[in-house]
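Engineer: To convert, take the position in the sequence shown, counting from 1, and add 1422; that gives our numbering. Note that the Cβ used here is the ideal one computed from N, Cα and C, for glycine as well.
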Amino acid sequence: GWALLNLLLLPQAHMVLEQLKSECRFYNRTQRVWCLFRHLCNLKEFMCFDSNMGEYLQVTELGWLEAKYRNNWKELLARKNVQLRGRPCFLWVFPH
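#1: Please report the distance separating the alpha-carbon of E1422 from that of N1450.
#2: Indicate whether C1446 and C1463 have their beta-carbon atoms separated by less than 8 Å.
#3: Leaving out the 5 sequence neighbours to the left and right, which residues in its chain are closer than 7 Å to F1448 when beta-carbon positions are compared?
#4: Of the choices N1493, Q1505, K1466, E1440, whose alpha-carbon is the least far from that of E1477?
#5: Quick check on the DSSP output: the alpha helix (DSSP H) that includes V1504 runs from which residue to which?
#6: Keeping to the same chain, check which residues put their C-beta closer than 7 Å to that of D1472; ignore five residues upstream and five downstream.
#7: Identify whether L1487 lies in helix, strand or coil by the three-state DSSP scheme.
#8: Keeping to the same chain, check which residues put their C-beta closer than 6 Å to that of R1460; ignore five residues upstream and five downstream.
#9: Hey, would you say L1484 sits closer than 8 Å to L1465, going by beta carbons?
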């Protein structure tokens, strides 16, 4: 009885899968690099960081608030843009 009661009263756990995917494109023999860092939740992209624009862009309504929060965090944007300059893609390391 007690185990069944706990199962009925406790909210069900929901699994959430978060992913970060990187996409880099090289122009003029690597003189110019354009990168997108795509943020996904349950296999759906909701936000990305565009290196050409130097800011986060919303892809869906879910990403609007998160992109706004991260774009207002000037230290994060400055650090991310500094890390992009002069480094090959495979050496980039970013906090989520």
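Structural biologist: Quick answer:
#1: Nothing can be reported for residue 1422: it is not among the residues displayed for the chain, which extend from 1423 to 1518.
#2: Their beta carbons are not under 8 Å apart, which means C1446 does not touch C1463 by this criterion.
#3: Apart from sequence neighbours up to five positions away, the residues of its chain that approach F1448 with a beta-carbon distance below 7 Å are V1455, ordered along the chain.
#4: The shortest C-alpha separation from E1477 is found at N1493.
#5: Following the DSSP letters along the chain, one finds V1504 inside the alpha helix (DSSP H) bounded by residues 1496-1506.
#6: So the qualifying residues of the chain are L1458, L1479.
#7: Helix at L1487.
#8: Answer for R1460: K1443, E1467, C1470, listed in chain order.
#9: Contact annotation: L1484 and L1465 have beta-carbon atoms that are not nearer than 8 Å.
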